[in-house]
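Have a look at the structure below, then the notes.
Residue numbers (the UniProt record's numbering): 1 to 401.
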């Protein structure tokens, strides 16, 4: 805020107060003033206004301390809501969360291919179904809908075993407009891996530094970039597109490949299918037919190749940006994700990294829900954060100012 725009200044100060309370959980009015830098009177006026608006609630007085009893103020979980939708290569998911990021409802529909019209129609039905659970009063408190999906989804027909051009409808699809017309909500599109990174920053505990390379092992590998404690999207919105990293040619005279073709989960799915194992069951750790050991062996073979290829990309990224840590998450079962993370860490260690600082490789903490959860949390952040950029939680990075 600059100058004398009093309406804008008031909105900014309200965001300051909301952000402070969402970060800390609860504060007294005096603590809110100290936390935000507002005067005691200004903080009191803003808090009272937010209480009237139903965004905050008063908790029971705290007694037994020196001085007068204080009344903690906290965010009202039912003060605001947001919807998230994830459109993926194999499924569409939707989630409804409250102001605290708590899940109120979720749904998931699998399909063989993300054909544009039926996929968008399915996602709209899911979003509408979740909204229908809210009362009219609660419905008016939904601040927005975030849609997380891969960039250039139209380009992956061959990798998904579809006919050429089967996904071309995504090129001109008005995705945000379709959701806005169906729900009446403001709609924002996000890259799916960046949304997953956002979920880790907001609700997870794996990103603990001001700079991190985030890797999401999905049907196609993707990533996110955290710089100076902020989710960095890039001038063209393409930061973290780790799947486009070049890989070594397959043989003499062959062109270089891309990481997406050597470290993505669709390759693991193909190998499981070829062995007669249901990939959905294997990836959800729900195998009940005694094929677990066989699936483990197939995973190990895929992980050896994928981690070796990915390690080269990680070291290359570390040589360009001085990342403090590398975080790996995805829709693998936790045991597989942890084993892959260990393999990747060992593969990175084998490189000559003279001139580079150590960046530990660790597993993420959100898992398969990261993308859709991030899609829902980002509209709340946009509405209630004073900063236009997504920040890591202040308690997670000790040197964040």
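By construction, the Cβ of each residue, glycine as well, lies at the ideal position given by its N, Cα and C atoms.
Tell me which residue opens and which closes the beta strand (DSSP E) that residue 58 is part of.
Against the chain shown, residue 58 aligns to sequence position 58. Unbroken beta strand (DSSP E) run through residue 58: 56-58.
Per DSSP, residue 409 is paired with what?
Nothing in the structure corresponds to residue 409, since the chain is present only between 1 and 401.
Residue 284 (DSSP reduced to helix, strand or coil)
Here residue 284 refers to the residue found at position 284 when the chain shown is read from its first residue. DSSP places residue 284 in coil when its eight states are reduced to three.
Collapsed DSSP secondary structure at residue 201 in the structure displayed:
Here the question's residue 201 lines up with position 201 in the chain shown. In the structure shown, residue 201 sits in a helix (DSSP, three-state: H, G or I).
Strand pairing of residue 239, partner residues [DSSP]:
The sequence position of residue 239 within the chain shown is 239, counting from 1. Here residue 239 is not bridged, per DSSP, to any residue.
What is the DSSP secondary structure of residue 188, counted as helix, strand or coil?
Numbered from its first residue, the chain shown carries residue 188 at position 188. Note: residue 188 maps to strand in three-state DSSP.
Residue from 332, 191, 26 with nearest C-alpha to residue 55:
Taking the first residue of the chain shown as 1, we reach residue 55 at position 55. Cα-wise, what sits closest to residue 55 is 26.
On the DSSP bridge list, what partners appear for residue 212?
By 1-based counting over the chain shown, the position of residue 212 is 212. For residue 212, which the question treats as bridged, DSSP gives the partners 226, 325.
What does a CB cutoff of less than 8 Å around residue 88 pick up in its chain, not counting 5 residues either side in sequence?
Indexing the chain shown from 1 puts residue 88 at position 88. Cβ within range, chain order: 114, 149, 150, 192, 218, 219, 371.
May I ask you to report which of helix, strand or coil DSSP gives residue 316?
By one-based count along the chain shown, residue 316 stands at place 316. Three-state DSSP puts residue 316 in a helix.
Where the beta strand (DSSP E) containing residue 81 begins and where it ends:
Taking the chain shown and counting its residues from 1, the one referred to as residue 81 is at position 81. It spans 81-87 - the beta strand (DSSP E) in which residue 81 sits, taken as one unbroken run.
Which residue spans inside the stretch 116-172 form an unbroken alpha helix (DSSP H) run of at least 4?
Qualifying alpha helix (DSSP H) stretches, in chain order: 116-131, 136-139.
Verify whether the separation of the beta carbon atoms of residue 313 and residue 245 is less than 7 Å.
Start at 1 with the first residue of the chain shown, and residue 313 comes out as number 313. Start at 1 with the first residue of the chain shown, and residue 245 comes out as number 245. Taking 7 Å as the Cβ cut-off, residue 313 and residue 245 qualify as a contacting pair.
Coarse secondary structure for residue 12, derived from DSSP in three states
The sequence position of residue 12 within the chain shown is 12, counting from 1. DSSP places residue 12 in helix when its eight states are reduced to three.
Work out the CA separation of residue 16 and residue 8 for me, nearest whole Å.
Translated into positions along the chain shown, residue 8 becomes position 8. Translated into positions along the chain shown, residue 16 becomes position 16. Going from the Cα of residue 8 to the Cα of residue 16 covers about 12 Å.
Going by DSSP, which residues form a beta bridge with residue 363?
For the purposes of this step, residue 363 is taken as the residue at position 363 of the chain shown. Per DSSP, 328.
Which word fits residue 403, buried or exposed, when buried means at least 16 other C-beta atoms lie within 10 angstroms of its C-beta?
What the structure shows of the chain is the stretch from 1 to 401, and residue 403 is not part of that stretch, so it cannot be assessed.
Look up residue 74 in the DSSP assignment and say whether it is helix, strand or coil.
Walking along the chain shown from the start, residue 74 turns up at place 74. In the three-state scheme derived from DSSP, where H, G and I count as helix and E and B as strand, residue 74 is classed as strand.
Ordered along the chain, which non-local residues of its own chain (more than five positions away) have a Cβ less than 6 Å from that of residue 333?
Numbered from 1 along the chain shown, position 333 holds the residue referred to as residue 333. Its chain contains 285 as the residues whose beta carbon lies nearer than 6 Å to that of residue 333, once the 5 sequence neighbours on both sides are disregarded; these appear in chain order.
Opposing strand residues paired with residue 110 [DSSP bridges]:
To locate residue 110, count along the chain shown from 1; it is residue 110. According to DSSP, which records beta bridges pairwise, residue 110 is partnered with 91.
Reference residue 45; option with closest CA among 23, 10, 260, 173:
Translated into positions along the chain shown, residue 45 becomes position 45. The residue with the shortest Cα to Cα distance from residue 45 is 10.
Cβ neighbour criterion (16 or more within 10 Å) applied to residue 3
As a working note, residue 3 is residue 3 in the chain shown. Summary for residue 3: the model assigns pLDDT 41, below 50, so the residue's position carries little reliability; its value from the coordinates is reported in the next sentence. Residue 3 is exposed by the Cβ-count criterion.
Per the contact definition of three or more C-beta pairs closer than 8 Å, is the stretch 299-312 in contact with the stretch 193-213?
Output reads no: the stretch 299-312 does not touch the stretch 193-213.
Between the C-alpha atoms of residue 283 and residue 61, what's the straight-line distance to the nearest angstrom?
Residue mapping note: residue 283 aligns to position 283 of the chain shown, counting from 1. Residue mapping note: residue 61 aligns to position 61 of the chain shown, counting from 1. Spanning the two alpha carbons is a distance of roughly 48 Å.
Taking only the alpha-carbon atoms, compute the straight-line gap between residue 343 and residue 204 and give it to the nearest angstrom.
Here residue 343 refers to the residue found at position 343 when the chain shown is read from its first residue. Here residue 204 refers to the residue found at position 204 when the chain shown is read from its first residue. For residue 343 and residue 204, the distance between alpha carbons rounds to 22 Å.
Measure the alpha-carbon distance for residue 80 versus residue 39 and round it to whole angstroms.
As a working mapping, residue 80 is identified with position 80 in the chain shown. As a working mapping, residue 39 is identified with position 39 in the chain shown. About 26 Å.
Whole-number beta carbon distance between residue 134 and residue 187, since they are thought to touch under 8 Å:
Counting from one through the chain shown, the residue named residue 187 turns up at place 187. Counting from one through the chain shown, the residue named residue 134 turns up at place 134. Residue 187 to residue 134, Cβ: 17 Å. No contact.
From 107, 84, 92, residue whose alpha carbon lies closest to that of residue 98:
What you label residue 98 is simply residue 98 of the chain shown in a count that begins at 1. Closest by C-alpha distance to residue 98, out of 107, 84, 92, is 84.
Contact under 7 Å by Cβ, residue 211 with residue 351:
Taking the chain shown and counting its residues from 1, one reaches residue 211 at position 211. Taking the chain shown and counting its residues from 1, one reaches residue 351 at position 351. No, these two residues do not count as a Cβ contact at 7 Å.
Let's test the definition: count the other Cβ atoms within 10 Å of the Cβ of residue 59 and tell me whether it reaches 16, buried, or not, exposed.
Within the chain shown, the letter at position 59 stands for residue 59. Label assigned to residue 59: exposed.
One question on the structure: do residue 362 and residue 206 come within less than 7 Å of each other, judged by their Cβ atoms?
In the chain shown, residue 362 corresponds to position 362, counting from 1. In the chain shown, residue 206 corresponds to position 206, counting from 1. At a Cβ-Cβ threshold of 7 Å, residue 362 and residue 206 count as neighbours.
Proximity to residue 298 [Cα-Cα], best of 241, 76, 53, 266
What you label residue 298 is simply residue 298 of the chain shown in a count that begins at 1. Nearest C-alpha to residue 298: 266.
Skipping 5 residues on each side, what residues in its chain have a beta carbon closer than 6 Å to that of residue 257?
Numbered from its first residue, the chain shown carries residue 257 at position 257. Listed in chain order, the non-local C-beta contacts of residue 257 below 6 Å within the same chain comprise 247, local neighbours out to five positions each way being set aside.
Using the three-state DSSP reduction, which class does residue 221 fall into: helix, strand or coil?
On the chain shown, position 221 is the one that residue 221 refers to. Here residue 221 sits in coil by DSSP.
In the DSSP output, which residue or residues are listed as bridge partners for residue 96?
Indexing the chain shown from 1 puts residue 96 at position 96. Per DSSP, the beta bridge partners of residue 96 are 83, 105.
From 162, 176, 141, 338, residue whose alpha carbon lies closest to that of residue 120
On the chain shown, residue 120 is found 120 positions in, with the first residue counted as 1. Closest by alpha carbon: 176.
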